[in-house]
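Take 14 as the starting number for the sequence shown in this note's numbering and just add one per residue.
Notes follow the structure.
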Amino acid sequence: MTETINDQIICTTQSSLDPEVKPFKNILITCDYTNQYFDSLVICGDAKEELKKFPDNYYQCCITSPPYWGLRDYGIHHQIGAEPKLENYINNLVKVFREVRRTLSDDGTLWLNIGDSYTSGNRTWRDPDKKNPARGMNYRPPTPSGLKSKDLIGVPWRLAFALQSDGWFLRSDIIWHKPNCQPESVKDRPTRSHEYLFLLTKSEKYLYNYEDIMEPSTDRRGLRNRRTVWSINTEPFKYPHFAVFPKELIKPCILAGSKRGDLILDPFFGSGTVGIVGLKLNRRFVGIELNPEFIEIARRRFIEEHLSISPAVKGYHCSGDI
Ligand SMILES: C[S@@+](CC[C@H](N)C(=O)[O-])C[C@H]1O[C@@H](n2cnc3c(N)ncnc32)[C@H](O)[C@@H]1O
């Protein structure tokens, strides 16, 4: 069931969730959730500013993927990823994740997926790649000082070290190996078929349900502790959002980093994959997304995957400075 209250949509999940667990019914999609009841929440706004409104030690786990540096400029105030300087991009992310750390419980974890890129050689734009829209760029920043044309920038490790200096415990790098990676037309380096996922924590001791994410042992007769290379295909996506998590990538993060009923956070919510997988695993979620067009995609995905919707409801209305 879905209903509108003051132009906001409240979606109620169907009873497909585990019957033994109290279903977390109400997903509120809004620009202002003050004094409103919710089980799960999607906020349209800037991650850093919205997180400031939440108390300390609120979330058990954060799973997220910030925008790549220098890929797209949506022209939206407060967007991250279109900073002309690499250090400004890193600093902006450090500030967002400082708020994430404050709002994370003391035994909480952050699972951070972040993409790398090459310097542009001072091209300021790149033609859309019809075969691979995810690589299409409408914007290219200048080459960072100290780097040369064609250099791999190393964004993931630069960010990981900056977060470590800011107080996070850097506990693991995980290689997300993409067996079905996009072909590249390069002839002077290997085709890139991986991204990084970092496990960062607020404290030395933290919740990590290692038994829930064990993998088959080499002889396939038993299970062993999960390794750091995860081979997971990217998934086809019918909506216009180009950097969507495969569900299989975030499942182990949710299982290891939280318990049933816990609240998980994605401050760069995009098309809402963390919310969809979280609900299926009986977690609640808060998602923050700056671009209303992507919130609309998330809303449609919730309806397709979890929710029934009244035909009277055509869309949501979001007012505010965005
Ligand atoms: C890599 S995408 C996340 C995709 C998401 N994991 C999914 O599965 O769909 C990053 C998202 O961050 C959003 N974003 C950029 N700057 C933001 C900001 N300051 N606050 C909140 N969201 C922001 C972008 O609009 C984009 O949708």
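Every residue, glycine too, gets a C-beta built ideally from N, C-alpha and C.
> Who are the Cβ neighbours of residue 243 in its own chain at under 8 Å, not counting the five residues just before and after it?
Replying inline: Closer than 8 Å at Cβ, skipping near neighbours: 187, 188, 189, 190, 210, 262, 265.
> Which stretch, first to last residue, makes up the beta strand (DSSP E) that contains residue 292?
Replying inline: Under the DSSP assignment, residue 292 falls outside any beta strand (DSSP E), being part of the alpha helix (DSSP H) whose first and last residues are 286-293.
>> Beta-carbon within less than 8 Å of residue 284's beta-carbon, same chain only, minus the 5 sequence neighbours each way: which residues are those?
In response: Within the same chain, and ignoring the five residues on either side of residue 284 in sequence, the residues whose Cβ sits closer than 8 Å to its Cβ are 250, 252, 254, 257, 307, 310, 311, 314.
> Going along the chain, which residues of its own chain have a beta-carbon closer than 8 Å to the beta-carbon of residue 116, five neighbours each way excluded?
Replying inline: Cβ neighbours of residue 116 beyond the five flanking positions: 64, 67, 68, 69, 70, 71, 72, 278.
> Buried or exposed: which applies to residue 113, given that a residue is buried once 16 or more other Cβ atoms fall within 10 Å of its Cβ?
Replying inline: Residue 113 comes out buried.
>> Taking a contact to mean a Cβ-Cβ separation below 8 Å, would you say residue 291 touches residue 267 in this structure?
In response: It is a contact, given that the beta carbons lie within the stated cut-off.
>> For residue 239 and residue 275, what's the separation of their Cα atoms in angstroms?
In response: Going from the Cα of residue 239 to the Cα of residue 275 covers about 22 Å.
> With a cut-off of 8 Å, do at least 3 Cβ pairs link the segment 220-235 to the segment 189-203?
Replying inline: Contact between the segment 220-235 and the segment 189-203 is absent, because fewer than three Cβ pairs lie under 8 Å.
> Around the Cβ of residue 88, are there at least 16 other Cβ atoms within 10 angstroms (buried) or fewer (exposed)?
Replying inline: With fewer than 16 neighbouring CB atoms inside 10 Å of its own CB, residue 88 falls in the exposed class.
> Would you call the CB atoms of residue 338 and residue 271 closer than 8 Å?
Replying inline: A question about residue 338 goes unanswered here, because the residues of the chain that appear run from 14 up to 335.
> Between the Cα of residue 86 and the Cα atoms of 193, 75, 303, which residue gives the shortest distance?
Replying inline: Nearest to residue 86 by C-alpha distance, out of 193, 75, 303, is 303.
>> I believe residue 165 touches residue 131 by the beta-carbon criterion, under 8 Å. Please report the beta-carbon distance rounded to the nearest angstrom.
In response: At roughly 6 Å, the Cβ-Cβ gap stays under 8 Å, so residue 165 and residue 131 are in contact.
>> In whole angstroms, give me the CA-to-CA distance for residue 107 and residue 178.
In response: For the pair residue 107 and residue 178, the Cα-to-Cα distance works out to about 10 Å.
>> So, under 8 Å CB-CB, residue 79 and residue 281 are touching, yes? Tell me the CB distance rounded to an integer number of Å.
In response: With a contact defined as Cβ atoms closer than 8 Å, residue 79 and residue 281 qualify at about 5 Å.
>> Let me check one thing: in DSSP terms, what residues is residue 189 bridge-paired to?
In response: For residue 189, which the question treats as bridged, DSSP gives the partners 208, 243.
> Can you check whether the CB of residue 245 is closer than 8 Å to the CB of residue 259?
Replying inline: In contact: residue 259 and residue 245 (Cβ atoms closer than 8 Å).
>> One question on the structure: do residue 97 and residue 154 come within less than 8 Å of each other, judged by their Cβ atoms?
In response: Their beta carbons are under 8 Å apart, which means residue 97 touches residue 154 by this criterion.
> Just the Cα atoms here: how many angstroms apart are residue 162 and residue 102?
Replying inline: Answer to the nearest angstrom: the Cα atoms are 19 Å apart.
> Out of 122, 104, 42, 81, which has the shortest C-alpha to C-alpha gap to residue 184?
Replying inline: That would be 122, whose Cα lies nearest to the Cα of residue 184.
>> Counting C-beta neighbours from all protein chains within 10 Å, is the total for residue 193 16 or more, i.e. buried, or is it exposed?
In response: The residue in question, residue 193, is exposed, as its Cβ has fewer than 16 Cβ neighbours within 10 Å.
>> I'd like to know whether the C-beta atoms of residue 126 and residue 248 end up nearer to each other than 8 Å.
In response: Not in contact: residue 126 and residue 248 (Cβ atoms no closer than 8 Å).
>> If you reduce the DSSP assignment to three classes, tell me which class residue 71 lands in.
In response: Three-state DSSP puts residue 71 in coil, outside helix and strand.
>> Rounded to whole angstroms, what is the Cα-Cα separation between residue 128 and residue 182?
In response: C-alpha separation (whole angstroms): 20 Å.
> Between 53, 90, 180, which lies nearest to residue 214 when the distance is taken from Cα to Cα?
Replying inline: Of the listed residues, the one whose Cα sits closest to residue 214 is 180.
> Taking DSSP as the reference, what is the three-state secondary structure of residue 202?
Replying inline: DSSP places residue 202 in coil when its eight states are reduced to three.
> Roughly how many whole angstroms lie between the Cα atoms of residue 235 and residue 227?
Replying inline: The C-alpha of residue 235 lies about 10 Å from the C-alpha of residue 227.
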